[in-house]
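This report concerns only the one structure given below.
In mature numbering (1 follows the signal peptide of the UniProt record, and there is no 0), the protein residues as written are -18 to -1, 1 to 522.
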């Protein structure tokens, strides 16, 4: 059999999408000079670009991304919000993949199965994302699947987030030396720049889609456009009820999309991004919404952000995000056909975040366990039955002693059964806002609240049209509750989206499994998988 034909057959089997298009990318990752805050610093570039290349694809496309690592240290990319159906082998985090060594390459092969919406990719190791390496991944619907709004004239991608003048290695040394957290950021960026971001150009009377993703390390932001309303039409790949807002909070790791109609006087209007809940770093970045032909800027001050004195404004806005039960999803069946509120949960996990010192160095933890990345990825250890790597079910599923209890280091993996329906409560015992992300899944955010969660809080849950998303914020000294249907077999990272907390151990893994071995449940290990640690040299 010719090698090219063998490769095509392998791709067809591994991705189960022979009728769906393939899109091929070759990305070379290098260091290079960038100056997002006006001072030249070393950045991480993909094909010479900062931010990295934007991927634009269609639901069910197969993406083949060959990543060549020309850095001086190992590197991985993760695909934030892409569900990787039956394919956690391509997740691109330390628990599932061996890193790409310097001078080597790895080819990711995955499908945007049954997804549409606004997503991003970014480096997952060693604080690399503090230097760049991130970019947009926009998935458009197939022509046969309507979205619940008229086609916009065009769309704009906004990658927003905090930025540091210090390089990623210096920030890493700061944390490794025991600093309680990263210092306040030095600036905010819109698409990689702070000063004079590129204008978003449109025509009078036309409507445009704005895709906004917070790719920063830790700070929440608020987005607003001078004199214009924002009609929310997408939250992390699902369609919400189309409420209209003056501004939107977007927390670390989150994405939203909204429509803006250019129905004002043909001028230039400010696109404002400002920090939220970060008194030590009160930062703003300003772009421009440019009406074609405009020659002057709209008069007046920049639009003010929401009140900073209380988290209630933000929490109430989050509660107003509701699932659109009449809209189609990436498939033709309506989103609301899944009545999640009538399903009995199989178990409850209450995950309490905390931070404390171990041997004089600050660590972050979940239920008293701070995660230590092993030399052998958990997915490989599970696949090859390598002992003494994974601490199965060692994480208590309820808090054991409050936020001030002593921490212990470990590599916890919670074993769950395929098709379980699980309640997860994120309990925040600290004074800073938290943000949590689950790879491989969307979940329903059924409740937010202040103080300590109790079972009585279930009476406040939205069990009808709670917003589906993959990243949820948890307000200081409060809680957020989600329901998730475990229909995607694999080893999945549940982590803080606040990247210094993730680096310091606020993460764990969920192993969703069934004894029935079938490609309809999960693909086998890729033939090109990098093997490292105690799996090095083993056969594929």
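Virtual Cβ for every residue (Gly too), placed ideally from N, Cα, C.
Computed from a predicted model, the values in this text were never measured in an experiment.
What are the uninterrupted segments assigned as alpha helix (DSSP H) that are 4 or more residues long and contained completely in the stretch 305 to 367, given in chain order?
Within the stretch 305 to 367, the complete alpha helix (DSSP H) runs of at least 4 residues fall at 360 to 365.
With a cut-off of 8 Å on the beta carbons, I'd call residue 347 and residue 487 a contact; round off their distance for me.
Contact between residue 347 and residue 487 holds, since their C-beta atoms are separated by about 6 Å, short of 8 Å.
Going by C-alpha to C-alpha distance, which of 219, 210, 232 sits closest to residue 226?
Checking every option, the nearest Cα to that of residue 226 belongs to 210.
When the Cβ atoms of the stretch 42 to 56 are set against those of the stretch 75 to 92, are three or more pairs found closer than 8 Å?
Yes, since at least three Cβ pairs between the stretch 42 to 56 and the stretch 75 to 92 fall closer than 8 Å, the two stretches touch.
Beta-bridge partners of residue 216, as assigned by DSSP
By DSSP's assignment, residue 216 forms a beta bridge with 239.
Please report how far the alpha carbon of residue 41 lies from the alpha carbon of residue 94, in whole angstroms.
Looking at the two C-alpha atoms, the distance is approximately 6 Å.
Among the residues of its own chain, which have a CB less than 6 Å from the CB of residue 233, if the five just before and after it don't count?
The beta carbon of residue 233 sits closer than 6 Å to the beta carbons of 202, 417, 455 from its chain, once the five residues preceding and following it are set aside; these are given in chain order.
Is the distance from the Cβ of residue 74 to the Cβ of residue 61 below 9 Å?
Contact annotation: residue 74 and residue 61 have beta-carbon atoms nearer than 9 Å.
Could you tell me whether the stretch 407 to 417 touches the stretch 273 to 288, where touching means 3 or more Cβ pairs closer than 8 Å?
With a cut-off of 8 Å, the stretch 273 to 288 and the stretch 407 to 417 do not count as touching, because too few Cβ pairs lie within range.
Give me the DSSP bridge partner(s) of residue 202.
The partner list for residue 202 (beta bridge, DSSP) reads 258.
Work out the CA separation of residue 205 and residue 268 for me, nearest whole Å.
Computed Cα separation, rounded: 10 Å.
Name the DSSP bridge partner or partners of residue 426?
As DSSP reads the structure, residue 426 sits in a beta bridge with 450, 465.
For residue 156, name the three-state secondary structure that DSSP assigns.
DSSP places residue 156 in the helix class (H, G or I) of the three-state scheme.
Candidates 215, 475, 257, of which the one nearest residue 239 by Cα:
It is 215.
Report yes if the CB atom of residue 24 is closer than 9 Å to the CB atom of residue 147, and no otherwise.
One thing to note: residue 24 has its Cβ no nearer than 9 Å to the Cβ of residue 147.
Three-pair Cβ contact test at 8 Å for the stretch 89 to 106 versus the stretch 491 to 499
The stretch 89 to 106 vs the stretch 491 to 499: no contact.
Limits of the beta strand (DSSP E) - the one that residue 493 falls within:
Counted as a single uninterrupted DSSP element, the beta strand (DSSP E) harbouring residue 493 occupies residues 489 to 495.
Per DSSP, what are the beta-bridge partners of residue 408 in this structure?
Answer is 333, 462, bridged to residue 408.
If you follow the beta strand (DSSP E) that residue 72 is in, where does it begin and where does it stop?
Here residue 72 belongs to no beta strand (DSSP E), and DSSP marks it neither H nor E.
Exposure of residue 511, with buried meaning 16 or more beta-carbon neighbours within 10 Å:
Residue 511 should be labelled buried.
On the DSSP bridge assignment, give the partners of residue 5 in chain order.
For residue 5, DSSP records a beta bridge to 45.
Member of 158, 44, 136 whose CA lies at the smallest distance from the CA of residue 354:
Closest option to residue 354, Cα to Cα, is 158.
Proximity below 9 Å, CB of residue 37 to CB of residue 6
No, they are not a contact pair.
Between residue 219 and residue 98, what straight-line distance do the alpha-carbon atoms span, to the nearest angstrom?
Using only the alpha carbons, I get a separation of about 5 Å.
Have a look at 514, 296, 321, 119 and flag the residue whose alpha-carbon is nearest the alpha-carbon of residue 306.
It is 321.
If I measure Cβ to Cβ from residue 200 and keep anything under 7 Å in the same chain, skipping five residues before and after, which residues do I get?
Within the same chain, residue 200 has close Cβ partners 144, 164, 234, 480, 481, 482.
Nearest candidate by alpha-carbon position, reference residue 370, set 381, 356, 380:
The residue with the shortest Cα to Cα distance from residue 370 is 356.
Roughly how many whole angstroms lie between the Cα atoms of residue 405 and residue 493?
Each residue's Cα considered, the two are about 16 Å apart.
Kindly list the residues whose CB is nearer than 7 Å to the CB of residue 526, restricted to its own chain and excluding five residues on each side of it in sequence; keep chain order.
Residue 526 lies beyond the residue range present for the chain, which begins at -18 and ends at 522; the question has no answer from this structure.
Excluding the five sequence neighbours on either side, which residues of its own chain have a C-beta within less than 6 Å of the C-beta of residue 516, listed in chain order?
Apart from the 5 residues on each side of it in sequence, residue 516 sits with its Cβ closer than 6 Å to the Cβ of 358, 368 in its chain, given in chain order.
Just how far apart, CA to CA, sit residue 366 and residue 168?
When rounded, the separation of the alpha-carbon atoms in residue 366 and residue 168 is 45 Å.
Could you please give the first and the last residue of the uninterrupted beta strand (DSSP E) stretch that includes residue 87?
Looking at the DSSP string, the run of the beta strand (DSSP E) that includes residue 87 is 87 to 93.
Give the single residue among 120, 173, 11 whose Cα lies nearest to the Cα of residue 33.
Ranking 120, 173, 11 by Cα distance to residue 33 puts 173 first.
Can you confirm whether the stretch 389 to 396 touches the stretch 431 to 451 when touching is taken to mean that 3 or more C-beta pairs between the two stretches lie within less than 8 Å?
Pairwise C-beta distances place the stretch 431 to 451 out of contact with the stretch 389 to 396, as fewer than three of them are shorter than 8 Å.
Residues bridged to residue 34 (per DSSP):
None, per the DSSP bridge assignment.
By a C-beta neighbour count over all protein chains shown, 10 Å radius and 16 as the cutoff for buried, is residue 27 buried or exposed?
Burial is judged here by how many other beta carbons sit within 10 angstroms of a residue's own beta carbon; residue 27 has at least 16 and is buried.
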